[in-house]
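J.: Quick note on numbering: the numbering used here labels position 66 of the sequence shown as 74, and the sequence is numbered without any gaps. Have a look at the structure that comes next, please.
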Amino acid sequence: MRFSMKTEYGVRAIMELAALDGRAALQSGEIARRQRIPGPFLDQVLMTLRRSGFVRSVRGPHGGHLLARPAGEIRLDEVIGCLEGSGTEPAPGGDGAQTYGLVLQRVTRDAEQAAKEVFAAHTLSDLLRLQAAGPPVFHGIFKPLPSRARR
Numbered sequence: 009m010r011f012s013m014k015t016e017y018g019v020r021a022i023m024e025l026a027a028l029d030g031r032a033a034l035q036s037g038e039i040a041r042r043q044r045i046p047g048p049f050l051d052q053v054l055m056t057l058r059r060s061g062f063v064r065s066v067r068g069p070h071g072g073h074l075l076a077r078p079a080g081e082i083r084l085d086e087v088i089g090c091l092e093g094s095g096t097e098p099a100p101g102g103d104g105a106q107t108y109g110l111v112l113q114r115v116t117r118d119a120e121q122a123a124k125e126v127f128a129a130h131t132l133s134d135l136l137r138l139q140a141a142g143p144p145v146f147h148g149i150f151k152p153l154p155s156r157a158r159r
């Protein structure tokens, strides 16, 4: 499943805020620097998150952005839905025949529904715990590829 850059950047930005756990506001420039997100684009993403009630802004010298709710209450599917918007499906073929494309659309919808259920089951706090645990470790099933010598 692929997401737009808006969603990719939005999830990365909101995870930066979740990691602070409301202890301090984080300025958009700092989020942009840490996550290597273009500043003007990040500002648009943060505005979308703010309008949807996920982020709040604080003015002043120590101002910036904070989560509007605790990380444990913000589900990943909510954030993705806010940033991706509602998708539209292509119209079926004009002849009404059941084509492979229509069958593939049906299977794709099933896969998307399964993904939505997984996203709905995870909060920002869950993602922070996964991040803290580090990358998955493979025991005995990983075999490095042989190196290719340059000729």
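Even for Gly, the Cβ is constructed at its ideal location relative to N, Cα and C. Quick caveat, the model's predicted, so the values are computed rather than measured.
Residue ranges of each alpha helix (DSSP H) run of no fewer than 4 residues wholly in the stretch 32-60, ordered along the chain?
T.: 36-43 and 47-59
J.: Rounding to the nearest angstrom, what Cα-Cα distance links G93 and P48 in this structure?
T.: For the purposes of this step, residue 93 is taken as the residue at position 85 of the sequence shown. For the purposes of this step, residue 48 is taken as the residue at position 40 of the sequence shown. Going by the C-alpha atoms only, they are around 20 Å apart.
J.: Roughly how many angstroms lie between the CA atoms of I82 and V126, to the nearest whole one?
T.: Taking the sequence shown and counting its residues from 1, the one referred to as residue 82 is at position 74. Taking the sequence shown and counting its residues from 1, the one referred to as residue 126 is at position 118. Straight-line Cα distance between these residues: approximately 14 Å.
J.: In its own chain, which residues sit with a C-beta less than 6 Å from the C-beta of S60, not counting the 5 before and 5 after it?
T.: Start at 1 with the first residue of the sequence shown, and residue 60 comes out as number 52. Excluding residues within five positions, the ones whose Cβ falls inside 6 Å are C90.
J.: What is the rounded straight-line gap between the Cα of Q139 and the Cα of A26?
T.: Here the question's residue 139 lines up with position 131 in the sequence shown. Here the question's residue 26 lines up with position 18 in the sequence shown. A26 has its alpha-carbon roughly 12 Å from the corresponding atom of Q139.
J.: Is L75 closer than 8 Å to A21 when the C-beta atoms are compared?
T.: Position 13 of the sequence shown, counted from the start, is the residue given in the question as residue 21. Position 67 of the sequence shown, counted from the start, is the residue given in the question as residue 75. No; because the gap between Cβ atoms is not below 8 Å, this pair is not in contact.
J.: Nearer than 7 Å: is that true of the beta carbon of E92 relative to any heavy atom of the ligand ATP?
T.: With respect to the ligand ATP, the structure offers nothing, as it holds no ligand at all.
J.: Measure the alpha-carbon distance for R10 versus F62 and round it to whole angstroms.
T.: Translated into positions along the sequence shown, residue 10 becomes position 2. Translated into positions along the sequence shown, residue 62 becomes position 54. Each residue's alpha carbon lies about 22 Å from the other.
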